[in-house]
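*Asks:* I'd like to ask some things about the structure below.
Protein chains: 2
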Amino acid sequence: MADTNRTDFLIGVDLGGTKILSGVFTNSLECIGTAKVSTKSQRGIDAVVTRIDRCVRDAVDEADLSMKQVAGVGIGAPGAVDFNAGTVIFAPNLEGWKDVPLKKDLEKQLGVPVFVENDANIAILGVQVAELKSKPKNVVGIFVGTGIGGGLIINGEPFSGFNHTAGEIGHMVLEVNGPKCGCGNKGCFEALASRTAIFQQIKAGIKDGEKTLLTEMLGDGLEDLRSGDLRKAIRRGDKFVARIVESAAEYIGIGVSNLINVIGPDVVVLGGGVMEALADEMMPTIIKTAKDHAMPGTMKGVEIIPSKLGDSAGITGGAVLARRESKSKSS
Amino acid sequence: MADTNRTDFLIGVDLGGTKILSGVFTNSLECIGTAKVSTKSQRGIDAVVTRIDRCVRDAVDEADLSMKQVAGVGIGAPGAVDFNAGTVIFAPNLEGWKDVPLKKDLEKQLGVPVFVENDANIAILGVQVAELKSKPKNVVGIFVGTGIGGGLIINGEPFSGFNHTAGEIGHMVLEVNGPKCGCGNKGCFEALASRTAIFQQIKAGIKDGEKTLLTEMLGDGLEDLRSGDLRKAIRRGDKFVARIVESAAEYIGIGVSNLINVIGPDVVVLGGGVMEALADEMMPTIIKTAKDHAMPGTMKGVEIIPSKLGDSAGITGGAVLARRESKSKSS
Chain A
652 MADTNRTDFL
662 IGVDLGGTKI
672 LSGVFTNSLE
682 CIGTAKVSTK
692 SQRGIDAVVT
702 RIDRCVRDAV
712 DEADLSMKQV
722 AGVGIGAPGA
732 VDFNAGTVIF
742 APNLEGWKDV
752 PLKKDLEKQL
762 GVPVFVENDA
772 NIAILGVQVA
782 ELKSKPKNVV
792 GIFVGTGIGG
802 GLIINGEPFS
812 GFNHTAGEIG
822 HMVLEVNGPK
832 CGCGNKGCFE
842 ALASRTAIFQ
852 QIKAGIKDGE
862 KTLLTEMLGD
872 GLEDLRSGDL
882 RKAIRRGDKF
892 VARIVESAAE
902 YIGIGVSNLI
912 NVIGPDVVVL
922 GGGVMEALAD
932 EMMPTIIKTA
942 KDHAMPGTMK
952 GVEIIPSKLG
962 DSAGITGGAV
972 LARRESKSKS
982 S
Chain B
652 MADTNRTDFL
662 IGVDLGGTKI
672 LSGVFTNSLE
682 CIGTAKVSTK
692 SQRGIDAVVT
702 RIDRCVRDAV
712 DEADLSMKQV
722 AGVGIGAPGA
732 VDFNAGTVIF
742 APNLEGWKDV
752 PLKKDLEKQL
762 GVPVFVENDA
772 NIAILGVQVA
782 ELKSKPKNVV
792 GIFVGTGIGG
802 GLIINGEPFS
812 GFNHTAGEIG
822 HMVLEVNGPK
832 CGCGNKGCFE
842 ALASRTAIFQ
852 QIKAGIKDGE
862 KTLLTEMLGD
872 GLEDLRSGDL
882 RKAIRRGDKF
892 VARIVESAAE
902 YIGIGVSNLI
912 NVIGPDVVVL
922 GGGVMEALAD
932 EMMPTIIKTA
942 KDHAMPGTMK
952 GVEIIPSKLG
962 DSAGITGGAV
972 LARRESKSKS
982 S
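Here the protein sequences come in this chain order: A and B.
Per the numbering used here, residue 652 is the first one in the first sequence, and the count goes up by one each step.
Per the numbering used here, residue 652 is the first one in the second sequence, and the count goes up by one each step.
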C-alpha cells in the first residue's frame with residue numbers, strides 16, 4: 652500500500668451557519684470519506700474552530716487515512732474572506748465572526764496547510780473544475796437555499812472584488828417596492844426566490860384559505876417543511892404550490908438575465924438545496940424567463956444549467972482549492 | 652520641431668448613434684485637437700466608415716499634424732465588439748451593423764493601426780487611466796444619457812465577457828412591474844433613470860397638469876429639452892423637476908448598489924450627459940441610496956464619483972487603447 656503513504660489526499664470543508672461538512676478527496680477529486688457536525692456558533696469562535704478540526708479528523712478516519720497523508724485543507728466560509736491573509740472578515744450567520752484568522756488557527760490544530768475562501772466562490776470553483784472540467788472561463792454560480800448566494804469565476808479564477816464581497820447577488824434589488832428582505836431593504840433577489848421566501852408565500856397563502864396537499868402531508872403548521880415536500884406536492888398535482896414555485900422560478904430567471912447582461916458569463920450554474928429538490932420543476936421557466944429578459948446577443952451560446960454536485964459542491968471546491976494551492980507551494 | 656515628426660500621436664474616436672467625435676492626443680494624453688461629424692447611419696455602413704475617416708483627418712488637421720505622425724487609432728463602438736477580430740458584432744443604434752470588420756475597413760482608409768472596443772468599456776478605460784491614474788483594479792462605469800451603458804475594468808483590464816456584451820447594465824431589471832423599456836421588458840434600469848425616462852416622466856407630468864418652469868423656458872411642447880435645462884429649472888426652484896430628478900437619482904443609487912453587491916469594484920464612476928449636467932444635484936442622493944442598499948461590508952472604502960472627463964471620456968479612452976496596443980505591437 653505504498654500509495655496511501657503519499658501525502659496527496661485533499662480535504663474540502665464547507666463551513667455553514669448550521670452545519671460543517673468535510674470530505675476527503677483523492678488527487679483526481681474522488682471523494683473517499685465525509686463527515687458532518689453541527690456548527691454551534693453560539694459557543695464562540697474557538698469552539699467552532701475545534702469542531703472544524705474534529706470534522707476534518709472524522710472524515711480522514713472515515714477514509715482510513717491519517718492526517719500525515721493530507722496535503723492540504725480548503726475551506727469555504729459563509730462571508731467575506733481575505734484569501735491571502737486567510738481571515739474571515741465577517742460572516743453574518745456565524746456569531747461574533749469578525750477578522751477571524753481561520754487559516755492560522757486551523758493550521759495550528761491540524762498541522763497541514765489550510766486555505767480559506769468564500770463559500771459560494773469555493774462551491775462554484777468545485778463545479779467549474781470537477782463538473783465543467785475547467786472549460787468555461789467565466790462562470791456565475793447561483794445557490795438558492797435559505798438565502799441566495801453567488802460565486803464568480805472570472806478569467807478562470809474565483810473573483811471576490813475589492814472588499815472580498817463580490818457575488819452578493821442575493822441582495823441585488825429586482826423589485827424596488829417588493830417584499831421586505833432580512834437585510835432591511837425591499838425586493839432583494841432572496842426576498843423573492845429563496846426557500847425562506849417560498850415558504851413564507853406558502854404559509855401566507857394557507858392563512859388566506861388556499862388549499863394545499865402540504866397541510867395533509869405535514870399538518871396545518873407545516874412543521875419540518877422542506878424543499879423536497881414542494882416537489883412531492885407538485886408531482887401529486889398541487890396547483891397552489893406549483894404556482895408559487897413557478898413564480899420563484901420566474902424571479903430566478905430575471906436574476907439570471909440580470910447577471911448575464913452585467914457580467915456576460917459563458918455558463919450560469921444553479922445550485923443549492925432548492926435547486927437540488929426542484930431543478931426539474933424550475934429549470935424550464937428559469938431558462939425561458941432569462942431568454943425573454945436578456946439583451947439580444949448576450950445569451951448566444953450561454954449555458955444555464957443545474958449543478959449535479961448538490962451539497963457536495965462546497966467540499967469538492969475545497970479540495971480543488973487545496974490541490975491547486977498545495978501544488979503552487981510545492982512547485 | 653523634430654518632435655512633431657515622431658509618430659507618437661494617438662487618436663481616440665467615439666462612434667455614437669447620432670455623432671462621431673474624434674480627438675488627437677499626445678503620448679501623455681493631452682488633447683490637442685478634436686472634430687465632430689454626424690453619424691448618419693441610415694446612409695449605410697460604408698458611408699459611416701468614410702465619415703469616421705473624415706472625422707479623424709479633420710482632428711489631425713485641427714492639431715496641425717499629418718496622418719504620418721499618428722501611431723494608432725482607438726475607437727469605441729456602441730454595441731458588442733470582438734476586440735481581437737476588430738469587428739462590431741452588432742450595434743442596435745447603427746442601422747444594419749452586424750459583423751462589420753471596422754478595424755480592417757478603417758485601417759485600409761487611414762493607413763494606421765486601428766483598435767476597436769465597446770464604447771462604454773473604452774470610456775471607462777479612459778477614466779481609469781487618465782482620471783484615476785490606473786490606481787483602482789476593478790472599476791464599474793455607469794454612463795447615463797439617452798440610455799444607460801456600463802463599462803467594466805476587472806483586474807486592470809476592460810472586461811467584455813463571453814459574447815463581448817458584459818456591462819449591459821441598462822437592461823438590468825430593477826422593478827419587475829415597472830415602466831416599459833425600449834427593449835420590450837419592464838422596469839429596466841434605463842427605463843427608470845435615463846434621460847429618455849426622465850423626459851417622459853416630465854412630459855407625462857405636464858399632461859397631468861403639473862406646473863414647471865420648463866414650459867416657460869422652452870414652450871409647451873418642450874422643444875429642444877436638454878439635461879442642462881433640468882439643472883437650470885431646479886436651480887430656479889422648480890420642485891416638480893427636482894422631484895423627478897431625485898427619483899431618477901434614487902434608481903441610479905439602487906443600480907450602483909446592485910453592481911457593488913454583485914461585482915465588488917474599488918470605484919464606481921458615473922458619467923454621460925445626464926451626470927455631466929446634473930452631478931451636483933444627483934450625486935448626494937445616489938451615494939446615500941447606494942449606501943442604504945449595499946450589504947454591510949461591501950461599501951467599505953468604495954468610491955462613488957462623477958467623472959470629470961464628460962463627453963471626452965470616449966475619445967480619451969480611445970487614445971489610451973491606441974497607446975497601449977501600439978506599444979505592445981512595437982515592443
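Cβ atoms here follow ideal geometry from the backbone N, Cα and C, with glycine treated the same way.
Step through the CB atoms of chain B and report whether any lies within less than 8 Å of the CB of M933 of chain A.
*Replies:* no
*Asks:* What does S845 of chain B reach in chain A if we use C-beta pairs closer than 7 Å?
*Replies:* Ordered by position in chain A, no residue passes the 7 Å Cβ test against S845 of chain B, which lies about 15 Å from the chain.
*Asks:* Going by beta carbon distance, what residues of the same chain come within less than 7 Å of L761 of chain B, once the five residues before and after it are set aside?
*Replies:* D704, V707, M718 and V724
*Asks:* Taking the alpha helix (DSSP H) that T940 of chain B belongs to, which residues open and close that run?
*Replies:* G924 to H944
*Asks:* If I'm right that A731 of chain B touches V675 of chain B with Cβ under 8 Å, what's the distance once you round it to whole angstroms?
*Replies:* 28 Å between Cβ atoms; not a contact.
*Asks:* In the DSSP assignment, find the unbroken beta strand (DSSP E) run with E819 of chain A in it and report its ends.
*Replies:* No beta strand (DSSP E) contains E819 of chain A, which DSSP labels as neither H nor E.
*Asks:* For F741 of chain A and G948 of chain B, which I take to be in contact (beta-carbon distance under 8 Å), what is that distance rounded to the nearest angstrom?
*Replies:* 5 Å
*Asks:* Which residues in the same chain as A928 of chain A place their Cβ atom closer than 6 Å to its Cβ, once the five residues preceding and following it in sequence are excluded?
*Replies:* S878, G879 and R882
*Asks:* List the whole-angstrom C-beta distance separating N814 of chain B from G915 of chain A, where the pair is believed to meet the contact cut-off of C-beta under 8 Å.
*Replies:* 6 Å
*Asks:* So, does the CB of V957 of chain B fall closer than 8 Å to a CB anywhere in chain A?
*Replies:* The question names Val, but residue 957 of chain B in the sequence shown is Pro. With 8 Å as the cut-off, P957 of chain B does not count as an interface residue toward chain A.
*Asks:* Would you say D917 of chain A lies against chain B (beta-carbon separation less than 8 Å)?
*Replies:* yes
*Asks:* Just the Cα atoms here: how many angstroms apart are L869 of chain A and G952 of chain B?
*Replies:* 49 Å
*Asks:* Let me check understanding here. Comparing Cα to Cα, which of A:L864, A:L876, A:D875 and A:Y902 lies closest to G888 of chain A?
*Replies:* A:L864
*Asks:* Since H944 of chain B contacts V721 of chain A with CB under 8 Å, what's their CB separation in whole angstroms?
*Replies:* No, H944 of chain B and V721 of chain A are not in contact; Cβ-Cβ is about 43 Å, not under 8 Å.
*Asks:* In the stretch 788-799 of chain B, which residues sit with their C-beta less than 8 Å from some C-beta in chain A, listed in chain order?
*Replies:* K788 and N789
*Asks:* What are the boundary residues of the alpha helix (DSSP H) that includes N772 of chain B?
*Replies:* D770 to G777
*Asks:* Since M933 of chain A and I903 of chain A should fall inside the 8 Å C-beta cutoff, what is the C-beta to C-beta distance between them, to a whole number of angstroms?
*Replies:* 7 Å
*Asks:* Just checking my contact of G969 of chain A with G668 of chain A at CB under 8 Å: how many whole Å lie between their CB atoms?
*Replies:* Actually they do not touch by this definition, with Cβ atoms about 17 Å apart.
*Asks:* Kindly say whether E746 of chain B, judged by its beta-carbon, lies nearer than 8 Å to any beta-carbon of chain A.
*Replies:* no
*Asks:* Residues of chain A with CB under 7 Å from C834 of chain B, in chain order?
*Replies:* Using a Cβ-Cβ cut-off of 7 Å, C834 of chain B is close to M946 of chain A, given in chain order.
*Asks:* Does the CB of K862 of chain B have a neighbour CB from chain A at under 8 Å?
*Replies:* no
*Asks:* So the candidates are A:I804, A:T701 and A:G747; which of them puts its Cα closest to the Cα of K759 of chain A?
*Replies:* A:T701
*Asks:* Are the C-beta of L666 of chain A and some C-beta of chain B separated by less than 8 Å?
*Replies:* no
*Asks:* Note down the Cα distance separating E713 of chain B from T685 of chain B, rounded to an integer number of angstroms.
*Replies:* 7 Å
*Asks:* Taking CB distances under 8 Å as the criterion, tell me whether V953 of chain B reaches chain A.
*Replies:* yes
*Asks:* Helix, strand or coil for F1019 of chain B, going by three-state DSSP, please let me know.
*Replies:* In the structure as shown, chain B begins at 652 and stops at 982. Residue 1019 of chain B is therefore absent and cannot be evaluated.
*Asks:* I'd like the list of long-range same chain contacts for A653 of chain B, defined as Cβ closer than 8 Å, with 5 residues on each side in sequence excluded.
*Replies:* Since pLDDT at A653 of chain B reaches only 44, below the 50 mark, its modelled position is unreliable, and the value read off the structure follows with that caveat. The answer is none, since no qualifying residue turns up.
*Asks:* So, is N828 of chain A buried or exposed, given that buried needs 16 or more other C-beta atoms within 10 angstroms?
*Replies:* exposed
*Asks:* At what residues does the alpha helix (DSSP H) containing G856 of chain A begin and finish?
*Replies:* R846 to K858
*Asks:* Would G812 of chain B count as contacting chain A if we go by Cβ distances under 8 Å?
*Replies:* yes
*Asks:* Quick check on the DSSP output: the alpha helix (DSSP H) that includes C706 of chain B runs from which residue to which?
*Replies:* I696 to E713
*Asks:* Against chain B, with Cβ distances strictly below 8 Å, would A731 of chain A count as a contact?
*Replies:* yes
*Asks:* According to DSSP, which residues form a beta bridge with T738 of chain A?
*Replies:* A:D733
*Asks:* Please name the residue or residues paired with P809 of chain A in a DSSP beta bridge.
*Replies:* A:I804
*Asks:* Could you tell me the alpha carbon to alpha carbon distance between G906 of chain B and T866 of chain A, rounded to whole angstroms?
*Replies:* G906 of chain B and T866 of chain A: Cα-Cα distance of roughly 40 Å.
*Asks:* According to DSSP, is D756 of chain B helix, strand or coil?
*Replies:* helix
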